[in-house]
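Chemist: Numbering (the numbering used here), first residue to last: 1397 to 1482.
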Amino acid sequence: MAQREYDKLRLQLPRFCGCDTCRGDVLVYTVNRLSPHYVSTSQGEVLTELRLGSDQEKAKLDVVLLEGFRKVGLAPRCGAKPVQLV
Ligand SMILES: [Zn+2]
1397 MAQREYDKLR LQLPRFCGCD TCRGDVLVYT VNRLSPHYVS TSQGEVLTEL
1447 RLGSDQEKAK LDVVLLEGFR KVGLAPRCGA KPVQLV
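1) Output the distance between the C-alpha atoms of Val-1460 and Thr-1426, rounded to the nearest integer angstrom.
2) Can you give the Cα-Cα distance for Glu-1401 and Lys-1477, rounded to whole angstroms?
3) Under the three-state reduction of DSSP, which class applies to His-1433: helix, strand or coil?
4) By the three-class DSSP mapping on this structure, what secondary structure does Tyr-1402 have?
5) Which of the three DSSP states is assigned to Arg-1466 in this structure?
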């Protein structure tokens, strides 16, 4: 679910690096913000725990994802050039 929304928003942010490192950072940031108790060593595990039942929760996911994009875009760990996305 989080990954599908990531892919959707990613298309609207062509300047975002989007490599595996940055993608993982955005997703982990998002999941940790939404579900602080789901801290896990396995990213896949965390993401499957994230369940979104309503449009309201989906909207919240988009907001947090965008925050993640902005944060990771400003300081990509992969060494890409930082970009101001929003
Ligand atoms: Zn990157």
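A virtual CB, placed ideally from N, CA and C, is assigned to each residue, including glycine.
What you are looking at is a predicted structure, and each value in this text was computed from that prediction instead of being measured.
Modeler: Reading from the atomic positions:
1) Counting only the Cα atoms, Thr-1426 lies some 6 Å from Val-1460.
2) 24 Å
3) Only weak support is given to the placement of His-1433: the predicted model assigns it a pLDDT of 47, under 50, and the value that follows is read from those uncertain coordinates. Coil, per DSSP.
4) helix
5) helix
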